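**Student:** Questions regarding the structure given below will be posed in turn.
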Ligand SMILES: Nc1nc2c(c(=O)[nH]1)N[C@H]1C(S)=C(S)[C@@H](COP(=O)(O)O)O[C@H]1N2
Ligand SMILES: [Mo]
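In the working numbering, the protein residues as written are 24 to 370.
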């Protein structure tokens with residue numbers, strides 16, 4: 024475990040990436056955030072024993088060995104992965120859950136096979152409407168509930184990757200070795216690690232991790248009536264300067280990253296006066312589908328004082344970030360401009 028990670032819990036392992044590691048386009052595997060509901064196995068599964076089963080609403084149940092998957096056409100994509108609860112601790116009204124600041128997100132280059140190719144080998148029945156994923160991790164806690172969730176068939180057939188490499192290395196154990204799902208542009212909860220079984224279903228999978236959590240609901244509402252968290256919102260994080268940093272008067276390079284899930288970030292603006300005036304930031308670095316865009320804004324901080332820096336983005340569909348996020352009981356999807364503001368002291 025990298026000493027720089029901000030560990031929120033050891034069992035299960037939940038740890039966020041420190042700000043300085045969010046400044047590069049690629050987030051290195053060693054510092055990529057960790058989010059687990061269950062226990063990570065001590066030993067990686069042996070590849071000769073590992074198998075992936077596809078069953079349910081298919082013409083024929085099929086099993087794939089790791090070697091068979093490696094022989095299928097390979098795809099390489101970038102994808103920014105974010106935990107639904109990222110930014111939760113920045114909410115004005117606190118909620119339960121891991122107290123993520125901004126580091127429950129990372130960008131990696133993943134390689135693997137399209138889920139579509141495997142589903143086509145099994146053959147979809149007309150009743151095939153949802154796809155549930157099961158991993159090899161053991162549940163923690165007395166309830167003994169496994170992390171099983173489903174996504175709609177359209178997502179599974181268009182832009183869901185089964186990844187076996189992360190940033191040019193075999194998928195690290197804690198990120199799902201040997202194979203994980205990646206519903207591109209969707210929150211981490213839709214990206215099951217340590218895949219062992221994929222079940223095609225007529226209706227969404229029912230269970231704790233589908234019905235009680237990863238839904239947006241208000242106090243007094245039944246969790247199950249809430250919308251399921253799927254595609255990521257348009258959002259901006261500021262990675263430099265740090266909160267409460269003291270800086271000498273003069274040019275200050277403000278850095279950050281913006282991401283919008285399935286859509287493209289097209290405009291980033293920065294304010295150094297608590298949201299009164301906004302100026303465009305400049306994009307720096309690679310520009311790929313499903314991946315965040317890095318940006319900078321050089322601010323000439325001439326006068327001493329306390330300043331609140333804010334950043335906001337607009338995506339290709341015209342979606343804009345809210346000044347303040349829509350609160351919900353489990354604190355998901357915080358993309359509020361204000362909540363992500365950073366106050367610095369110029370001396
Ligand atoms: N099998 C399994 N897959 C899982 C989880 C889990 O607990 N078990 N957690 C999910 C959640 S909530 C997130 S945010 C991502 C985190 O992936 P990472 O640890 O590789 O960053 O994995 C998802 N896939
Ligand atoms: Mo998550």
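For each residue, glycine too, the CB sits at the ideal point set by N, CA and C. Being a predicted model, the structure only gives us computed values, none of them experimental.
Would the beta-carbon of residue 173 be found less than 7 Å away from any heavy atom of ligand 2?
**Tutor:** Because no heavy atom of ligand 2 lies under 7 Å away, the Cβ of residue 173 does not count as near it: no.
**Student:** Are residue 81 and residue 158 touching if we call contact CB-CB under 8 Å?
**Tutor:** Their beta carbons are not under 8 Å apart, which means residue 81 does not touch residue 158 by this criterion.
**Student:** Give me every residue whose Cβ sits closer than 7 Å to any heavy atom of ligand 2, in chain order.
**Tutor:** Going along the chain, the residues that qualify are 58, 106, 107, 108, 210, 211, 212.
**Student:** According to DSSP, is residue 368 part of a helix, a strand, or is it coil?
**Tutor:** Strand, per DSSP.
**Student:** Could you give the DSSP three-state label for residue 50: helix, strand or coil?
**Tutor:** In the structure shown, residue 50 sits in coil (DSSP, three-state: anything other than H, G, I, E or B).
**Student:** Output the residue ranges of the alpha helix (DSSP H) runs that lie fully inside the region 123-204 and measure 4 residues or longer, sorted by chain position.
**Tutor:** Correct list: 138-145, 176-181.
**Student:** Is residue 248 near ligand 1, going by C-beta to nearest heavy atom under 7 Å?
**Tutor:** No, ligand 1 has no heavy atom inside 7 Å of this Cβ.
**Student:** For residue 345 and residue 67, what's the separation of their Cα atoms in angstroms?
**Tutor:** For residue 345 and residue 67, the distance between alpha carbons rounds to 43 Å.
**Student:** Look up residue 105 in the DSSP assignment and give the residues it is bridged to.
**Tutor:** 128, per the DSSP bridge assignment.
**Student:** Which value, in whole angstroms, describes the spacing of the CA atoms of residue 225 and residue 100?
**Tutor:** Cα to Cα, the separation comes out at about 29 Å.
**Student:** Compare the beta carbon distance of residue 196 and residue 369 with 8 Å and say whether it is the shorter of the two.
**Tutor:** The answer is no: Cβ separation not under 8 Å.
**Student:** Below 7 Å, is the gap between the Cβ of residue 60 and the nearest heavy atom of ligand 1?
**Tutor:** Because some heavy atom of ligand 1 lies under 7 Å away, the Cβ of residue 60 counts as near it: yes.
**Student:** Have a look at residue 205 and residue 217 and give me their C-alpha separation to the nearest angstrom.
**Tutor:** Their Cα atoms are separated by approximately 12 Å.
**Student:** Determine the contact status of residue 305 and residue 335, defining contact as a CB-CB distance below 8 Å.
**Tutor:** Not closer than 8 Å, so no.
**Student:** Drop a sphere of 10 angstroms on the beta-carbon of residue 259, count the other beta-carbons inside from all chains shown, and report buried for 16 or more, exposed for fewer.
**Tutor:** Residue 259 should be labelled buried.
**Student:** Would you call the region 303-318 and the region 279-289 touching, i.e. three or more CB-CB distances under 8 Å?
**Tutor:** Enough Cβ pairs lie closer than 8 Å, so yes.
**Student:** Using a 10 Å radius around the Cβ and a threshold of 16 neighbouring Cβ atoms, would you call residue 30 buried or exposed?
**Tutor:** Per the 10 Å Cβ criterion, exposed.
**Student:** Between which two residues does the alpha helix (DSSP H) holding residue 360 run?
**Tutor:** Careful: residue 360 lies outside any alpha helix (DSSP H) and carries neither H nor E.
**Student:** What residue range does the alpha helix (DSSP H) around residue 232 cover?
**Tutor:** Per DSSP, residue 232 belongs to the alpha helix (DSSP H) from 231-234.
**Student:** Excluding the five sequence neighbours on either side, which residues of its own chain have a C-beta within less than 6 Å of the C-beta of residue 323, listed in chain order?
**Tutor:** Result list for residue 323: 274, in chain order.
**Student:** Exposed or buried, residue 265, counting other C-beta atoms within 10 Å across all chains shown (16 or more means buried)?
**Tutor:** Exposed is the call here.
**Student:** Relative to the alpha-carbon of residue 187, which residue among 56, 240, 98, 49 has its alpha-carbon at the smallest distance?
**Tutor:** Among 56, 240, 98, 49, the Cα nearest to that of residue 187 belongs to 98.
**Student:** Cα-Cα, which of 256, 296, 237 is closest to residue 343?
**Tutor:** Among 256, 296, 237, the Cα nearest to that of residue 343 belongs to 256.
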